[in-house]
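Per numbering that gives the first Met the number 0, the very first residue in the sequence shown carries number 0; after that it's consecutive. Just so it is clear, CB atoms sit at the ideal spot from N, CA and C, and this is done for glycine as well. In what follows, a single structure is set out as structure tokens and then discussed.
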Amino acid sequence: MFKIAFIKEACYQDLWIGDNNDTSSDLIRSTLLRTGPIGLLEIFGSDFFIVKSNNSKAAQKIRFSQIPKNCLSKEDYKLIESTKIRINSSRLPFRCPNDFSLDAEKINWSKYDIVISLNFAVPISIRRKHPDILWTCMTGEGRFPVLSRCWDYFISHDYPNTPFANLKTINMPYTFIPPKYIYDTFKTSKNKKGICVEINSKISPSDNQGLLKEFYSLNLNVEFHSGDIEKNLKNLASSKYFIKLSGRPVRGNSFLEAMSARSLCLLHYNDCYGKIPFHNYCYFKDEKSLIEKLQFLEKNNDFLVELLNYQDSILQNMIANLKIQFENALLIKRKSLDSKKNKISSNKIGINSILKKSLQPVIGSFCYNSIIRIDDPTIDPREYLPSALE
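As structure tokens, this is what we get:
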């Protein structure tokens with residue numbers, strides 16, 4: 000098994016504020032926006048570190064390629080580092096990234112086989128010092144740089160449909176999460192009911208009265224996304240359905256959260272581009288089709304459970320395929336290193352061999368002639384062979 004370190008820099012605007020002394024659920028409560036790849040900690044036992052911001056030109060370039068300067072400026076990033084938030088935790092309920100940030104040089108990198116860096120959190124000088132590590136970069140918004148050095152792979156943000164990793168890409172969603180994790184961690188009741196609406200949906204109580212009345216006629220209350228991460232996950236864990244209603248297409252992180260909350264995902268064909276293999280029944284073509292599916296599911300609980308179990312298998316396959324991708328990437332990296340070491344060793348042997356063949360006769364001849372000149376009566380020069388001929 001491999002050991003992973005997951006690294007974010009203090010100025011990164013999203014994800015957890017804490018360290019390895021926090022529980023994974025407290026780390027989620029500390030996140031500014033999204034759940035994130037909590038499965039790295041829960042499944043692979045990864046270590047999480049916040050490091051001091053990398054202010055190199057390359058790091059800033061990748062940062063602004065993810066979120067433009069007119070959205071988050073240099074001053075905004077500095078503010079993120081020191082702005083304290085309150086989380087629902089008995090341990091350090093008020094915290095900011097700078098409370099936990101370390102000098103990257105002080106981390107014992109030799110403990111790790113794989114490092115996943117959010118953006119360019121780990122400086123290139125450190126990556127060069129530790130060539131045995133599989134260095135992977137997870138860009139904040141999934142936009143890859145054209146040129147980069149000392150990275151073995153980039154994280155795609157997409158669902159890994161196969162164990163195969165592309166040339167320089169490992170497929171892992173930003174929300175990498177185990178089955179039932181959100182349900183077990185945030186549920187307030189075993190009885191699930193109602194609908195949770197996906198945050199990017201194009202729906203409002205004033206503009207969609209007809210559709211909302213259809214939901215209410217099925218005794219399905221409707222919950223909209225809350226800005227509070229814990230409240231939102233509790234709503235999700237208590238909802239029977241998670242529905243995307245028009246709006247912009249998404250990569251699929253919210254759907255993976257819903258699957259982990261044991262809420263059935265329902266969406267239009269064009270709503271998700273992150274390669275998640277939803278069950279065919281989960282797609283609807285229009286509002287009429289959606290209502291018909293909900294009516295059927297409300298009367299056929301066994302089929303609903305079957306679909307929920309299918310969603311669990313989607314998350315299980317995601318974990319299995321990612322594990323194999325990491326293992327194969329490590330194997331390729333180590334084979335490459337061994338090949339380079341053997342080549343260097345072979346070159347050294349080749350140089351030694353050339354030197355030996357060219358210089359040994361000269362040295363041997365010199366020794367032979369020296370011995371003759373010594374004229375030692377105990378040495379018979381006719382029986383002496385120079386070392387080049389021995």
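Counting along the chain, the unbroken beta strand (DSSP E) around residue 170 starts and ends at 168-172. Beta-bridge analysis with DSSP links residue 121 to no other residue. By the neighbour-count criterion, in which a residue is buried when 16 or more other Cβ atoms sit within 10 angstroms of its Cβ, residue 258 is buried. If you ignore the 5 residues before and after residue 52, its C-beta comes within less than 6 Å of the C-beta of 8, 9, 10, all in its own chain and listed in chain order. Excluding five sequence positions before and after residue 148, the CB atoms of its chain that fall closer than 8 Å to its own CB belong to 123, given in chain order.
Residue 200 is positioned such that its CB atom lies closer than 9 Å to that of residue 246.
Fewer than three beta-carbon pairs drawn from the stretch 23-30 and the stretch 296-315 are found closer than 8 Å, and the two stretches are therefore not classed as touching. In the structure shown, residue 164 falls within a coil segment according to DSSP collapsed to helix, strand and coil. When C-alpha distances from residue 105 are compared across 223, 50, 332, the shortest belongs to 50.
When DSSP states are grouped into helix, strand and coil, residue 158 belongs to the coil group. Boundaries of the beta strand (DSSP E) harbouring residue 240: 240-242, taken from the DSSP string.
For the pair residue 56 and residue 63, the Cα-to-Cα distance works out to about 11 Å.
If you compare the alpha carbons of 144, 326, 156, 298 with that of residue 61, the shortest gap goes to 144. Non-local C-beta neighbours of residue 114 in its own chain, meaning closer than 6 Å and more than five positions away in sequence, comprise 4, 132, 134, ordered along the chain.
Counting only unbroken stretches of 3 or more residues, the beta strand (DSSP E) elements lying wholly within the stretch 42-113 are 46-50, in sequence order. Remark: fewer than three beta-carbon pairs, one from each stretch, lie closer than 8 Å, so the stretch 182-190 and the stretch 164-172 are not flagged as touching.
Cα atoms of residue 0 and residue 76: separation of roughly 36 Å, rounded to the nearest angstrom.
Residue environment analysis places residue 209 among the exposed positions, since fewer than 16 neighbouring C-beta atoms fall within 10 angstroms of its C-beta.
Check the Cα spacing between residue 45 and each of 110, 73, 65: the tightest is with 110. Sequence-distant Cβ neighbours of residue 231 in its own chain, meaning closer than 7 Å and more than five residues away, are 224, 225. Nearest neighbour of residue 178 by Cα position, chosen from 137, 70, 263, turns out to be 263. For the 9 Å CB-CB criterion, residue 71 and residue 47 do not form a contact. For residue 286, the enclosing alpha helix (DSSP H) has its first and last residue at 286-298. Within the same chain, 15, 29, 88, 90 come within 8 Å of residue 21 by CB-CB distance, once the 5 residues on both sides are set aside. Runs of the alpha helix (DSSP H) lying entirely within the stretch 197-277 and spanning at least 4 residues, in chain order: 208-216, 228-237, 252-259. Between residue 194 and residue 240 the beta-carbon gap is near 5 Å, inside 8 Å, which marks them as a contact. Membership of residue 5 in the beta strand (DSSP E) is indicated by the continuous run 3-8. Of the residues assessed, residue 319 falls on the exposed side of the cut-off, its CB having fewer than 16 other CB atoms within 10 angstroms. When 285, 260, 261 are compared, the shortest CA-CA separation from residue 270 is found for 285. With contacts defined by Cβ atoms closer than 9 Å, residue 154 and residue 255 do not form a contacting pair. Residue 294 is classed as exposed because its beta carbon has fewer than 16 other beta carbons within 10 Å across all chains shown.
Within the same chain, 265, 280, 283 come within 8 Å of residue 292 by CB-CB distance, once the 5 residues on both sides are set aside. Following the DSSP letters along the chain, one finds residue 32 in no alpha helix (DSSP H), marked with neither H nor E. Between residue 171 and residue 321 the beta-carbon gap is near 5 Å, inside 8 Å, which marks them as a contact.
Per DSSP, the beta-bridge partners of residue 153 are 136, 168.
Ranked by how close their Cα comes to the Cα of residue 84, the residues 73, 74, 98 have 98 in first place.
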